[in-house]
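Residue numbers (the numbering used here), protein chains in the order written: chain A, 3 to 653; chain B, 102 to 391. The C-beta atom is built at its ideal place from N, Cα and C for all residues, glycine as well. Have a look at the structure below before the remarks.
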């Protein structure tokens, strides 16, 4: 065995503390070391060439690089080994920057520690074996979960690139929250007008199969070939026949609160969710349908000229195989009832920001009129920021969109009701974004009164005659350091964004993790923001964290690009770190089966022993550590290799 | 019969014996016994707390250490004691620095605390430990037609919220046959000590609470904290003089209200010992037709 040892100065990062020359001198004396060198920047082109030339000229079969952490540059040096014709897995790195020079100030101690780590790496590399990366073919199709703006965008991008896309939406129509908004900040584009062309394109695009009113029930995570089982809920309307004319809906006697208008109006038991719905097909809600509840009526059957009503429809199960998954399942608005001091749900004219959106929308419950519950127009309105956000009692995080949403509402109020007084209660005004600060200035110029302070409570109990019949916000104006009472007619609570109701279940189904606040966790917050720890599963939109429309769209594009890059390559490369079982030692106790988070272990029916499904194994090593009979071992992290490393350190 | 390890605090032993007595009486009816911890000390809620919060924690560490010897739970009826003790228990687990200070202080007294005590408010115990149906079945003297303002005070939910829904007291009032008003001020400050040292602020807070209760037709206010009871009742005269109002609303404890509905005598609950007698209101309950 011939080993080359390379000690990096990393400028002064390492050499400033560690006596590099001494480490080189020491390494040269160790067994199997054919050459030991140092260089200012090992990761640079000349540094890498140094290794390559030694491999070619001295016939090295093992390389130790003592430099930064392997998470930083292991791939760099592995590539250097490959280029020189050596097996990339015959490399071992010693982290003498993160583990030594950055955390040890005494040069003598640092040098001693660096020597130990180098010795450990040398003794390990002499036991390493050449390994090959595993290649797994990737299916050329994508599953997009969630039909809001992020899901729509991701689906369209993948479809445009010629890939087959399955877009799953649990509601009867795609569109998500964006379809419910009136205007978008800061440009005041009509939200529906910019969204509906994309929604329509989803059904027009022949590469997209829209699975509306459907939910993912199960998925088995085989990298490159996910087996997905999907349930299509019965619409009780044959989509292939329904023309969306909605005559059935006008005749239907069953009524229920309209979800799309947040219960501010009623819809029928058979209904088209909203005029721009995609697909534009009716759906029957069993709960309010007289036929399903009392076995009477059937008026819709009588009036449907397309003969599309089908009370006998059953849930339908579909099995799909896809190469990549994009999760774009969105958010849930914070439930304002939880802040009992604000009286939402009790004080009739305290409404949420989303309700205000529906109210200002021309297709909303009030046909675009901003009115109080008694039909009067408000003379004064308060907007409250950070409801459910930036508050240790609810969510500590900033929901990011509410400042701009509130400013937009202030603008819309002034536009709809020119004489109205608007008070905007904020903690900090966070208008970071392109054109956002300018919009803030504009709204201030329109006469909205900005109050820096979070209201303590809202009450309908007057303490002065002029407060009679008003909602009174009690807040400290922190600029004046005075507690003030603000009587108004209407209060709009700018509610924060929370992880979706089913985020926990979805995370479990797709084996991805969540942050403490419930949003999906990306693989790296900066460098892999749309990837998850599960290869082939990507995330986009507000399911990853609160974000506005432009950011959701950008992230959807990024997730699509990641999925397309994976499919374009055609195969997926997995690290060669795979668990192996010595069948002679395995007793079939099965302890490892429950430990594997990737379902990569299975029992062999004939023998009762355990087997590793290579394609699923992620090389985490949990099973290896747990095996009581030492039957398991992990390529690249074999027991004898790790012991050798330890002996090097302890020597 | 459950045994609840109990921390009465100074109020229940002095000014507000009615709360203690009625809590004992209620326990005899619904099935708990209050077992007062030996040699407890001040919870530091008002005095030390405003001078040095740290001392509050040290004083309470002693109370928690005493409690831990006998049980993992400590029940408290006073809102201020609940806030101080539950805060101390929480900070002991959350802050290494405070835990260190508490451990050292206890060591000097030859005591140890393991961080295992759960501090509970009596309202929470009554609400969570006894099925509502069971409690309702014990109501023999429904408080029909009596409008009450459910007043929790600020400390039962702050900073460590008792694990009850925000309408727990309303549910208990309904179960006793009464009617709870929609009291938006139900968890707002009663003025605390400010009625003494900053009457301009303290009395204004008391007035806000009373005026909402009065405007919504309350005949009684139901409290869960002795300090709130005192402020709301004792200072009605001062508020009336200062603001020209005419408040005269009796203020009683939830234990008295439940106990009365469940048939205990006024004497056992010390009802009628208030400055504004609640008995005329309680006795005026509409007699049930069935």
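Using the DSSP secondary-structure output, state which residues sit across from residue i in a beta bridge.
i, result
"residue 19/A", "DSSP, once it has assigned bridges, lists no residue as partnering residue 19/A."
"residue 143/A", "166/A"
"residue 106/B", "136/B"
"residue 582/A", "635/A"
"residue 459/A", "476/A"
"residue 323/A", "229/A"
"residue 526/A", "530/A"
"residue 186/A", "191/A"
Is the Cβ of residue i closer than 7 Å to any Cβ of chain A?
i, result
"residue 320/B", "no"
"residue 324/B", "no"
"residue 46/B", "The structure shown does not extend to residue 46/B, since chain B is modelled only from 102 to 391, so the question has no answer here."
"residue 104/B", "no"
"residue 267/B", "yes"
"residue 330/B", "no"
"residue 285/B", "yes"
Can you give me the start and stop residues for the alpha helix (DSSP H) that residue i sits inside?
i, result
"residue 562/A", "551-571"
"residue 95/A", "First-last for residue 95/A: 93-97, but that is the beta strand (DSSP E), not the alpha helix (DSSP H)."
"residue 135/B", "From DSSP, residue 135/B is part of no alpha helix (DSSP H) but of the beta strand (DSSP E) over 133-137."
"residue 293/A", "292-296"
"residue 329/B", "327-335"
"residue 577/A", "Here residue 577/A belongs to no alpha helix (DSSP H), and DSSP marks it neither H nor E."
Look at the Cβ atom of residue i, then the Cβ atom of residue j, and state whether they are nearer than 7 Å.
i, j, result
"residue 17/A", "residue 54/A", "no"
"residue 370/B", "residue 126/B", "yes"
"residue 102/B", "residue 239/B", "no"
"residue 190/B", "residue 159/B", "no"
"residue 449/A", "residue 479/A", "no"
"residue 4/A", "residue 40/A", "no"
"residue 163/A", "residue 146/A", "no"
"residue 184/A", "residue 408/A", "no"
"residue 474/A", "residue 489/A", "yes"
"residue 95/A", "residue 67/A", "yes"
"residue 542/A", "residue 561/A", "yes"
"residue 465/A", "residue 423/A", "no"
"residue 406/A", "residue 187/A", "yes"
"residue 278/B", "residue 245/B", "yes"
May I ask which residues mark the beginning and end of the beta strand (DSSP E) holding residue i?
i, result
"residue 69/A", "64-69"
"residue 222/A", "216-222"
"residue 309/B", "Note, residue 309/B: premise wrong, no beta strand (DSSP E); alpha helix (DSSP H) at 300-316."
"residue 612/A", "612-614"
"residue 635/A", "634-636"
"residue 2/A", "This structure leaves residue 2/A out entirely; chain A is present only between 3 and 653."
Does any residue of chain B bring its CB to less than 7 Å from the CB of residue i?
i, result
"residue 483/A", "no"
"residue 270/A", "no"
"residue 472/A", "no"
"residue 348/A", "yes"
"residue 398/A", "no"
"residue 389/A", "no"
"residue 455/A", "no"
"residue 303/A", "no"
"residue 463/A", "yes"
From residue i to residue j, what does the alpha carbon distance come to, in whole angstroms?
i, j, result
"residue 9/A", "residue 649/A", "21 Å"
"residue 563/A", "residue 174/A", "28 Å"
"residue 640/A", "residue 522/A", "33 Å"
"residue 297/B", "residue 303/B", "8 Å"
"residue 390/B", "residue 241/B", "Bear in mind that a pLDDT of 44 at residue 390/B, under 50, signals an unreliable position, so the number given afterwards is only what the model happens to contain. Using only the alpha carbons, I get a separation of about 13 Å."
"residue 355/B", "residue 235/B", "17 Å"
"residue 552/A", "residue 65/A", "47 Å"
"residue 295/B", "residue 532/A", "53 Å"
"residue 130/A", "residue 636/A", "12 Å"
"residue 287/B", "residue 513/A", "44 Å"
"residue 318/B", "residue 256/A", "39 Å"
"residue 21/A", "residue 651/A", "18 Å"
"residue 581/A", "residue 31/A", "35 Å"
"residue 318/A", "residue 239/A", "13 Å"
Taking 6 Å as the cut-off, is the C-beta of residue i nearer than that to any heavy atom in the ligand FAD?
i, result
"residue 177/B", "With respect to small molecules bound, the structure shown includes none, and the ligand FAD cannot be examined in it."
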